[in-house]
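Heads up, the sequence shown is in the working numbering, so the first residue is 1 and it goes up one at a time.
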Amino acid sequence: MNGHNLNLLPVPLPPMLPEMVGIVADSRYFAMFYMGSKATWTDGRGLGTFSYYAVYEPLTEHPALALDLEPYHLGSDDEFPTHAIVCDRLEGKMYVGDYPEVEKFLNIQHPPLPTLSPEEVEQQRQRIEEELANFDISTFQKLGMFELLAGHNQQQKQELVELGHWLDQQVTEDLLRRYLEAANKGNWTAISVLQKFLQRIHKNF
């Protein structure tokens with residue numbers, strides 16, 4: 001994106017992705033990365049986690065995106081991210097950029113924070129207390145908190161199928177040729193993705 005050192009990814013923003021991630025704000029832009037052993041989103045003001053196995057991994061490791069994301073470090077269990085994916089909900093596009101630049105970019109979409117009076121602070125505290133009193137484990141499961149223990153619910157499974165089908169439509173012959181060329185040069189990401197791709201073909205046909 002001009003002026004912000006963000007590189008456009010060749011795949012549009014999957015239309016179901018914001019809901020799968022669990023975006024709770026109306027912000028135009030949000031970013032995704034991996035931090036603290038969690039798939040994480042932020043819009044520069046709010047921050048949350050979402051399912052790694054039902055959303056993040058199927059998206060970032062799908063053949064439609066994996067090769068283009070390979071040069072970037074979106075985070076791991078041992079290291080903080082140096083890059084992040086930026087999603088434009090208005091234009092339906094995805095970008096990737098340096099993490100510090102992404103943070104700055106997300107922050108400028110928000111107006112300055114208001115100064116709260118003591119009464120407003122108390123109102124916010126009461127609201128948070130009420131929401132925590134209505135805590136539902138299924139909500140945490142959707143956000144990826146307990147997915148290893150509780151597994152995916154039926155809605156997550158259906159959303160995952162829809163995301164996979166949508167991403168499959170983004171795979172072209174030119175993209176597969178890029179994977180083959182990279183694999184022939186010893187690129188491990190290309191080799192791994194092609195192996196999984198072939199396994200899916202053999203399983204379904």
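Even for Gly, the Cβ is constructed at its ideal location relative to N, Cα and C.
Asked                                                                                                                : Found
Check whether E61 and V161 have beta carbons under 9 Å apart                                                         : no
As assigned by DSSP and simplified to three states, the class of F80                                                 : coil
Touching by the beta-carbon criterion (3+ pairs, under 8 Å), the segment 45 to 61 and the segment 154 to 170         : yes
Where P42 sits in the DSSP three-state scheme                                                                        : Note that residue 42 is Thr in the sequence shown here, rather than Pro. Correct three-state label for T42: strand.
Beta-carbon separation (whole angstroms), M20 vs P81, contact threshold 8 Å                                          : 20 Å between Cβ atoms; not a contact.
Those runs of the beta strand (DSSP E) which lie wholly inside the segment 22 to 76 and span at least 3 residues     : 29 to 35, 38 to 42, 47 to 50
Inter-residue Cα distance where the pair is Q169 and V11                                                             : 10 Å
With 16 other Cβ atoms within 10 Å as the buried cut-off, status of W41                                              : buried
Spatially closest choice to F50 from E101, G75, I23, by CA coordinates                                               : I23
Buried/exposed call for M96, threshold 16 Cβ in 10 Å                                                                 : Before going on, a small fix: residue 96 reads as Val here, not Met. That one is buried.
Residues of its chain near P18, where Cβ-Cβ distance is below 8 Å and the 5 sequence neighbours each way are ignored : F30, C87, R89
Strand pairing of Y95, partner residues [DSSP]                                                                       : L8, V86
Min CB distance Q126 to chain B below 9 Å                                                                            : Absence of chain B from the displayed structure is noted, only one protein chain being present.
Boundaries of the alpha helix (DSSP H) in which L184 is found, first to last residue                                 : At residue 184 the sequence reads Asn, which differs from the Leu that was named. N184 -> alpha helix (DSSP H) spans 173 to 184.
Cutoff 7 Å; reference N7; Cβ partners in own chain excluding five residues on either side                            : Y95, V96, G97
Selected residue, minimal CA-CA separation from V102, among P118, I128, D43                                          : D43
Rounded separation between V171 and E91 - CA only                                                                    : 21 Å
DSSP-derived helix/strand/coil call for I191                                                                         : helix
Limits of the unbroken alpha helix (DSSP H) element including Q158                                                   : 154 to 168
Candidates N107, L59, P63: closest to A183 by CA position                                                            : P63
When R28, E181, I128, G164 are compared against Q109, the one with the closest alpha-carbon                          : R28
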